[in-house]
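Numbering (the numbering used here), first residue to last: 64 to 379.
Given below as structure tokens:
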């Protein structure tokens, strides 16, 4: 699943569930990379998560966060990150996530490793965030392995990476169990794994996002995606509408709401939102724009009882 809202994929076998991890990765890493981007930034670099014990990031990286997650402008964010001079692991995680969306597996792997290495250095001065983003780096490296080697071959390595991810998050939890940044990221990870793997409890992850994560904009976005994938569209719609109140022009959120309306058997209402999201297509990754156009086509077919070939809108 990309950082934005991907199509529903309901797993029917263990192999498909592991393939679902690839779909989930960018949403999880979206949580990682947008952790401090979603509230209006202060005049100087700061921490929009925490009222006390704040952390700083450089202004260039912060601007890239705002470009993506307030405006849904991936292309502007990529330009900002290309010129950023920073050893901030969030910047590398952002680059990795954009590479993933663009189908750039080499960029995903390279920046995933840079995320982990920068986070390990950060652990010396800021153990909490160092452990959080070391986990993120391991997750990205696992995603690269899964993407390049295929599900069957990659599964042992991916399982090892997941163990490292949760070990690092466990170390962060020992330091500050109620930290909003930690709970945002861990809540996203737990929720996305829970809806794709058996024997998991998605409700616990939803409660973590509701009760401890911040900012609320992103917590509600994660809850909406989780309820969407659990096929509970009424609850998903409530959450996405709260998120849209904070970022009304973000095409990712408009797309997500359109998907939820389709799940509610309201395709006619979804078409307006699909159009609004596609009106900002030039700032989206090509694959994401294609996917939105494909789902719009399918919704239009339902409304007008047509059989237009929508697959032509998807690039190989």
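All C-beta atoms, glycine included, are put in the ideal place defined by N, C-alpha and C.
Predicted, not measured: the structure shown is a model, and the values here were computed from it.
Can you have a look at residue i and say buried or exposed, based on whether 16 or more other CB atoms are within 10 angstroms of its CB?
i, result
"residue 125", "buried"
"residue 208", "buried"
"residue 294", "exposed"
"residue 230", "exposed"
"residue 371", "exposed"
"residue 303", "buried"
"residue 299", "buried"
"residue 222", "exposed"
"residue 271", "buried"
"residue 142", "exposed"
"residue 101", "Interpretation of residue 101 is limited by its pLDDT of 38, a score under 50 that renders its predicted location unreliable; the figure taken from the coordinates is listed afterwards. Buried."
"residue 188", "exposed"
"residue 335", "exposed"
"residue 115", "exposed"
"residue 237", "exposed"
"residue 328", "exposed"
"residue 128", "buried"
"residue 184", "exposed"
"residue 86", "Residue confidence is low: residue 86 scores 47 on pLDDT, short of 50, so the model does not pin down where it sits. Its coordinate-derived value is still stated next. That one is buried."
For chain D, check one thing: does any of its Cβ atoms lie closer than 8 angstroms to the Cβ of residue i?
i, result
"residue 202", "Annotation note: the requested chain D is absent from the structure, which comprises a single protein chain."
Figure out for me which residue from the options has the closest Cα to the Cα of residue i.
i, options, result
"residue 190", "314, 233, 123", "233"
"residue 199", "217, 148, 251", "251"
"residue 301", "314, 177, 324", "324"
"residue 241", "257, 273, 256", "273"
"residue 182", "155, 161, 166", "155"
"residue 374", "367, 356, 365", "356"
"residue 53", "118, 147, 134, 164", "Absent from the structure is residue 53, since the part of the chain shown begins at 64 and ends at 379."
"residue 228", "249, 216, 173", "249"
"residue 345", "364, 138, 116", "138"
"residue 132", "265, 121, 157", "157"
"residue 239", "218, 194, 224, 170", "194"
"residue 203", "367, 167, 328", "167"
"residue 136", "366, 310, 359", "310"
"residue 348", "244, 120, 162", "162"
If you reduce the DSSP assignment to three classes, tell me which class residue i lands in.
i, result
"residue 329", "coil"
"residue 352", "helix"
"residue 276", "coil"
"residue 306", "helix"
"residue 369", "coil"
"residue 293", "coil"
"residue 135", "coil"
"residue 319", "helix"
"residue 377", "coil"
The alpha helix (DSSP H) that contains residue i, what's its start and end?
i, result
"residue 122", "122-132"
"residue 343", "Here residue 343 belongs to no alpha helix (DSSP H), and DSSP marks it neither H nor E."
"residue 160", "152-164"
"residue 381", "Nothing in the structure corresponds to residue 381, since the chain is present only between 64 and 379."
"residue 147", "Element bounds for residue 147: n/a, residue is neither H nor E."
"residue 118", "Counting along the chain, residue 118 falls outside any alpha helix (DSSP H), and DSSP gives it neither H nor E."
"residue 174", "168-185"
"residue 311", "Taken as a continuous stretch (DSSP letters only), residue 311 belongs to no alpha helix (DSSP H), as it is neither H nor E."
"residue 209", "190-212"
For the ligand FAD, any of its heavy atoms closer than 7 angstroms to the Cβ of residue i?
i, result
"residue 215", "Here there are no bound small molecules, and the ligand FAD is not part of this structure."
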